[in-house]
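As structure tokens, the structure follows; a few thoughts come after it.
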Amino acid sequence: DAMVIQNPRYQVTQFGKPVTLSCSQTLNHNVMYWYQQKSSQAPKLLFHYYDKDFNNEADTPDNFQSRRPNTSFCFLDIRSPGLGDAAMYLCATSLQLAGGTDTQYFGPGTRLTVL
Amino acid sequence: DQQVKQNSPSLSVQEGRISILNCDYTNSMFDYFLWYKKYPAEGPTFLISISSIKDKNEDGRFTVFLNKSAKHLSLHIVPSQPGDSAVYFCAASDSSASKIIFGSGTRLSIRP
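From first to last, the protein sequence lines stand for chains A and B.
28 is the number of the first residue of the first sequence in this note's numbering; add one for each residue after it.
645 is the number of the first residue of the second sequence in this note's numbering; add one for each residue after it.
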């Protein structure tokens with residue numbers, strides 16, 4: 028089945044220690060998104076890639092970076108995690124941007140704990 | 645500033661009855677609205693959507709109603725089934741943007 032895969036499902040890191048979260052997709056979609064979701068809050072878009080074009084949300088902290096080496100993979104790098112970065116990180120894909128009308132397909136998420 | 649609000653964090657409904665989940669938005673530029681459903685340990689999955697040119701969209705047991713003047717939409721599930729127990733996210737976008745804005749979700753529990 029075509030799907031969006033996130034690894035690892037659970038990640039524990041230390042305060043200030045860089046961490047990388049991984050997302051891969053077999054849907055061959057053009058767009059990949061990273062969302063941050065804190066407990067009982069709405070998923071918040073951090074950035075997205077349309078093919079190789081990167082679009083950062085205005086309020087995404089500089090501490091968060093992303094890489095998309097090819098169509099299938101996208102990485103979220105947190106350079107110096109703080110306690111406030113503990114959250115669920117969701118990766119999603121869509122075929123086109125389409126003003127948000129194109130269905131987004133989500134991975135199961137990676138829950139990040141910062142000690 | 646929350647542009648999409650789901651004011652009920654949780655809702656409990658008896659099996660077989662109607663579940664009504666509500667959502668309010670503040671941005672009048674939004675012209676497309678979606679509902680996503682999320683089970684524990686899984687990512688959200690698309691459920692149903694509606695364009696602002698319509699006021700109702702139906703798909704099986706699921707119907708979404710849009711009231712543009714009130715900036716309000718609702719999801720009706722009838723009849724409710726145990727498998728409907730999940731978190732439901734309302735989301736909205738405007739066609740000039742490249743993203744959707746989510747609400748904080750409502751946890752629906754269907755009791756026997």
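Every residue gets a Cβ at the ideal spot worked out from N, C-alpha and C, and that includes glycine.
For Thr40 of chain A, which residues in chain B fall below 8 Å Cβ to Cβ?
Residue numbering aside, residue 40 of chain A sits at position 13 when the first sequence is read from its first letter. Residues of chain B passing the Cβ test: none, with the nearest at roughly 21 Å.
Chain B contact residues for Ala114 of chain A, given Cβ-Cβ distances below 8 Å:
For this step, residue 114 of chain A is matched to residue 87 along the first sequence. Within chain B, no residue comes near Ala114 of chain A; the closest Cβ sits about 14 Å away, beyond 8 Å.
List, in order along the chain, the chain B residues whose C-beta lies closer than 7 Å to that of Thr20 of chain A?
With chain A covering 28 to 142 only, the question about residue 20 of chain A has no answer from this structure.
From the beta carbon of Val708 of chain B, is the nearest beta carbon of chain A less than 9 Å away?
The count along the second sequence starts at 1 and reaches residue 708 of chain B at position 64. Chain A, which has no Cβ nearer than 9 Å to the Cβ of Val708 of chain B, makes this no.
Counting only beta-carbon atoms, is Ser748 of chain B nearer than 9 Å to chain A?
Here residue 748 of chain B corresponds to residue number 104 of the second sequence, with the count starting at 1. Closer than 9 Å to the CB of Ser748 of chain B there is at least one CB belonging to chain A.
Ala685 of chain B versus chain A: which residues are under 7 Å apart at the beta carbon?
By one-based count along the second sequence, residue 685 of chain B stands at place 41. The answer, in chain order, is Pro135.
Leu73 of chain A - DSSP class collapsed to helix/strand/coil:
What you label residue 73 of chain A is simply residue 46 of the first sequence in a count that begins at 1. Here DSSP, grouped into helix, strand and coil, assigns Leu73 of chain A to strand.
Does the distance from the C-beta atom of Thr140 of chain A to that of Tyr132 of chain A stay below 9 Å?
To locate residue 140 of chain A, count along the first sequence from 1; it is residue 113. To locate residue 132 of chain A, count along the first sequence from 1; it is residue 105. No; because the gap between Cβ atoms is not below 9 Å, this pair is not in contact.
Let me know the secondary structure DSSP gives Leu54 of chain A once reduced to three states.
For this step, residue 54 of chain A is matched to residue 27 along the first sequence. Coil at Leu54 of chain A, not helix or strand.
Over the uninterrupted beta strand (DSSP E) stretch that includes Ala114 of chain A, give me the two end residues.
By 1-based counting over the first sequence, the position of residue 114 of chain A is 87. In the DSSP annotation of this structure, the continuous segment of the beta strand (DSSP E) that includes Ala114 of chain A starts and ends at 114–121.
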